[in-house]
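These protein sequences, in sequence, are chains A and B. Under full-length UniProt numbering, think of the first position of the first sequence as 1, with each following residue one higher. Under full-length UniProt numbering, think of the first position of the second sequence as 1, with each following residue one higher. Down below is the structure, laid out as structure tokens.
Protein chains: 2
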Amino acid sequence: MLKRIIMPKKTRPTVRDVAALAGVSVATVSYVVNGRDDRIGADTRERVLAAVRDLGYAPNSSARGLRKRRTERVCLVIGSLGSPVQEQLVRDLHAAADDDGYGVLTLIVDSPAHAAHATRLLRQGVADGAVFFDSARHFGDLGELARGRLAMVVVDNSVTPDGFDVVRTPEYEACGEALDHLLAAGRRRVAFLGHRHDLELGDRSARLTAYRDALRRHGLGADGRLVGAGADSRVEGYRATTALMGLPEPPDALFVASDRAAISAIWAVRDTGRTVPADVAVLGVGNLAEGSVIRPALSTVGQRQVDFSRVARLLFERLAAADPPGSREIVLPWSFIPREST
Amino acid sequence: MLKRIIMPKKTRPTVRDVAALAGVSVATVSYVVNGRDDRIGADTRERVLAAVRDLGYAPNSSARGLRKRRTERVCLVIGSLGSPVQEQLVRDLHAAADDDGYGVLTLIVDSPAHAAHATRLLRQGVADGAVFFDSARHFGDLGELARGRLAMVVVDNSVTPDGFDVVRTPEYEACGEALDHLLAAGRRRVAFLGHRHDLELGDRSARLTAYRDALRRHGLGADGRLVGAGADSRVEGYRATTALMGLPEPPDALFVASDRAAISAIWAVRDTGRTVPADVAVLGVGNLAEGSVIRPALSTVGQRQVDFSRVARLLFERLAAADPPGSREIVLPWSFIPREST
DNA sequence: CTGTTAGCGCCTTCAG
DNA sequence: CTGAAGGCGCTAACAG
């Protein structure tokens, strides 16, 4: 009892504390804090703001979320750290969120276990909306989440809209164009280094399918030894390429499903004494900034100007809408970006 | 009115809905949901769980947080995406959180603006605890956050404990050892490529200071042209190295403050027709897995076995403790890891 | 212009 | 073993 009075408060200040200190009611504090102070006198407002500062008051987000039935937070669900494309997404989403007074939380989901984890948090209402990027494949039923009143935008090519918006990238077409270029230039042994999940997906992987179809278009048979994993990281790209170059009939072109690994691949090719692109052409995916700086500059496939502001806008439109808009679908512009490595 | 009855419920189910469907009281539902079901009959429990499944019920985290005055969530505040060391931290923190039934949110803070953003969320009680990694420098007063009843562990060398635990890495000593090795081997023009913030920090940057002190120990003067930015990304590492190699008197060794940039540096050196390590030695920092795979393998400085489980444990000890433990300080083992590039 | 007050959904004594 | 009730901190009617 006595402790209460003597000790500094161990619990964070509430509206009531602020109200008491400023000599006003809790409603007034709430109005001031929320910017609804058209009805509040200037002097009163100042007293409240001073009390807020003195006490270090910040409104409790649980209480506010409970009352308003919105958290004013959005969630970015991404598949992994380490890909610079995502940095742009982070930036664009933060920018859009700031405009609307929202906070951004990030959930890293690179396995079904993390997806379950994320699903639980999202269903518990940790945020009002979410953008899924490079992570949708780990989730079971995204539609169920959307039905739980979560505004959602999913960047993925193989998911079907179901109460949420879908953003697609025409990977298949752009990769096909790039591969045609390679094959038209006379390359005859083109290898494919995919992500592990490209190989698991098989026919449902746009990149792998684009590769197979391009070979077929040019009358070339598939050689199983030229298809494998290696796009998931720089290390794997280096290793897989080294192995490929040790083959009795090594490839004369490499289609690598990520720029990061493609850059390692260039390095690996050169470490076996060959030249890029003279001996071996290398083609990446993603249009990483780094690719345009290295020598030879990396030919790639992706957005010319990496920009996710449209994705962010979709989410905040959804959040602002009184009635949820129907499931929309947009397509980001992808193209073949030829440089020096092919 | 009629709509209410006809339309599927637009709002998420609550304990009351579950209780009504299962034919029990809300208290019973709460007991079952929270595993306090020693007092509940097995059949009753089954009915409740069935209702939970049918309705797709998940307890509202705002309401629960308000009532329990804890969110059972922790926050990872990291400085950027893209560094694989952080992947290990993410993994280790998730593992520890799962054990204790906590959720993990990630906040990306690579600027003071993002720090303000994060501070607001944290002060609003979005999580019970937080680990700061590679981000502390963007914050003004971490002590104030800790006083706001947030359990905190800060991984940073220049912050002083103030109601939170601090984890340090003996960078200065380990870098010094590595540089001594370089200089003892006869290198005379050693360049330093730092992060932008190393250069801003000046004397307070362990890596830059280690560099300057090592030169001094070996009786070498400082050459301003050999010190610059370039560690922040692969691209910058490549560019900065290329510039350095174009100098009238190019360096014979490069100390690069990140492994990622150091790897680019090796490449850039070779692209100017020189050999690593014969012409130019390259030393990185961080012990990135990739560094041990490339040829020549990258000499570096860091944790031999990258492991942050102790960091995570610190946080969860703090959360479990009734009374906050005093500010603790631990030191992670860092060492010089010589390989082929020096 | 400011104060009073009724919940938001949940957990947890306290009775029964 | 189960039900009723209070209150966590906040916002938004509604009074005054």
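Idealized CB from N, CA, C, for every residue including glycine.
- Going by DSSP, which residues form a beta bridge with Glu329 (chain A)? The beta-bridge partner set that DSSP reports for Glu329 (chain A) consists of A:Val166.
- Is Ser158 (chain A) buried or exposed, if buried means 16 or more other CB atoms sit within 10 Å of its CB? Under this definition Ser158 (chain A) is an exposed residue.
- Query: Taking 7 Å as the CB-CB cut-off, is Tyr238 (chain B) touching chain A?
  - Reply: Yes, its Cβ sits closer than 7 Å to a Cβ of chain A.
- How about the stretch 224-241 of chain A and the stretch 267-282 of chain A: do they share at least three Cβ pairs that are nearer than 8 Å? With a cut-off of 8 Å, the stretch 267-282 of chain A and the stretch 224-241 of chain A count as touching, because enough Cβ pairs lie within range.
- Over what stretch of residues does the alpha helix (DSSP H) that includes Gly313 (chain B) continue unbroken? Residue identity differs from the one stated: residue 313 (chain B) is Arg in this sequence, not Gly. Per DSSP, the unbroken alpha helix (DSSP H) holding Arg313 (chain B) starts and ends at Ser309 to Ala320.
- Please look up how many angstroms separate the CB atoms of Leu182 (chain A) and Tyr211 (chain A), rounded, as I've assumed it's under 8 Å. That pair is no contact at about 10 Å.
- Query: In terms of residue numbering, what span does the beta strand (DSSP E) encompassing Val126 (chain B) cover?
  - Reply: In the DSSP annotation of this structure, Val126 (chain B) is not part of any beta strand (DSSP E), being labelled neither H nor E.
- Query: What is the DSSP secondary structure of Arg73 (chain B), reduced to helix, strand or coil?
  - Reply: The answer is strand: DSSP assigns Arg73 (chain B) an E or B state.
- Message: Quick check on Ser83 (chain B): does DSSP put it in helix, strand or coil?
- Response: Secondary structure at Ser83 (chain B): coil, using DSSP grouped into helix, strand and coil.
- Where do the ends of the alpha helix (DSSP H) carrying Ile337 (chain A) lie? Ile337 (chain A) -> not in any alpha helix (DSSP H); beta strand (DSSP E) instead, spanning Ser335 to Ile337.
- Query: Are Ser299 (chain A) and Pro338 (chain A) touching if we call contact CB-CB under 7 Å?
  - Reply: Going by beta carbons, Ser299 (chain A) and Pro338 (chain A) fall inside the 7 Å limit.
- Message: 7 Å is my cut-off, CB to CB: does Val48 (chain B) come that close to chain A?
- Response: With 7 Å as the cut-off, Val48 (chain B) does not count as an interface residue toward chain A.
- Query: Does the beta carbon of Pro13 (chain A) come closer than 7 Å to any beta carbon on chain B?
  - Reply: No, its Cβ sits nowhere closer than 7 Å to a Cβ of chain B.
- For Gly35 (chain A) versus Arg73 (chain A), is the C-beta spacing smaller than 7 Å? No, Cβ-Cβ distance for Gly35 (chain A) and Arg73 (chain A) is not below 7 Å.
- Task: Kindly give me the distance between the Cβ atoms of residue 357 (chain B) and His138 (chain B), rounded to whole angstroms, as I take these residues to be in contact under 8 Å.
- Result: Given that chain B is displayed from residue 1 to residue 342, the structure contains no residue 357 (chain B) and the question cannot be resolved.
- Query: Could you give the distance in angstroms between the alpha-carbon of Ala261 (chain B) and the alpha-carbon of Asp141 (chain A)?
  - Reply: Just so you know, the alpha carbons of Ala261 (chain B) and Asp141 (chain A) end up roughly 40 Å apart.
- Through-space distance from Arg123 (chain A) to Thr169 (chain B), alpha-carbon basis: The alpha-carbon atoms of Thr169 (chain B) and Arg123 (chain A) are separated by roughly 38 Å.
- Under a CB-based cut-off of 7 Å, is Gln88 (chain B) close to chain A? So no, Gln88 (chain B) is outside the interface.
- Task: Taking Ala19 (chain A) as part of the alpha helix (DSSP H), name the residues at either end of that continuous run.
- Result: Following the DSSP letters along the chain, one finds Ala19 (chain A) inside the alpha helix (DSSP H) bounded by residues Val15 to Ala22.
- Task: Report yes or no: is there a C-beta of chain A within less than 7 Å of the C-beta of Asp271 (chain B)?
- Result: At a cut-off of 7 Å between beta carbons, Asp271 (chain B) contacts chain A.
- Query: Which term fits Thr241 (chain A), buried or exposed, when burial requires 16 or more other beta carbons within 10 angstroms of its beta carbon?
  - Reply: Per the 10 Å Cβ criterion, buried.
- Quick one: Cα of Ala257 (chain B) to Cα of Ala281 (chain B), how far? Taking the straight line joining both Cα atoms gives about 14 Å.
- Write down the C-beta distance between Gly163 (chain A) and Gly143 (chain A) rounded to the nearest angstrom, noting that I regard them as a contact closer than 8 Å. Yes, Gly163 (chain A) and Gly143 (chain A) are in contact; Cβ-Cβ is about 6 Å, under 8 Å.
- Using Cβ-Cβ distances below 7 Å, what residues of the stretch 267-299 of chain A are close to chain B? Residues passing the 7 Å Cβ filter: Trp267, Asp271, Ala289, Glu290, Val293, Ile294 and Arg295.
- From A:Gly291, A:Ile330 and A:Asp198, pick the residue whose C-alpha is nearest to that of Asp259 (chain A); which is it? When only C-alpha atoms are compared, the closest one is A:Gly291.
- Output, in sequence order along the chain, the residues in the stretch 318-340 of chain A whose CB is closer than 8 Å to any CB in chain B. Going along the stretch 318-340 of chain A in chain order, one finds no residue with a Cβ nearer than 8 Å to chain B.
- From what residue to what residue does the alpha helix (DSSP H) around Ala63 (chain B) run? Following the DSSP letters along the chain, one finds Ala63 (chain B) inside the alpha helix (DSSP H) bounded by residues Ser61 to Lys68.
- In terms of residue numbering, what span does the alpha helix (DSSP H) encompassing Val26 (chain A) cover? First-last of the alpha helix (DSSP H) with Val26 (chain A): Val26 to Val33.
- Close-in-space but distant-in-sequence residues of the same chain around Val15 (chain B) (CB under 7 Å, 5 per side omitted): Within the same chain, Cβ atoms closer than 7 Å to the Cβ of Val15 (chain B) are found at Val26, Val29 and Ser30, the five residues on either side in sequence being excluded.
- Query: Quick one: does the C-beta of Gly237 (chain A) sit closer than 6 Å to a heavy atom of the ligand GDP?
  - Reply: Absence of the ligand GDP from the depicted structure is noted, as is the absence of any ligand whatsoever, leaving it without description.
- Message: Quick check: Leu319 (chain A) and Ala151 (chain A), are their CB atoms within less than 7 Å of each other?
- Response: Their beta carbons are under 7 Å apart, which means Leu319 (chain A) touches Ala151 (chain A) by this criterion.
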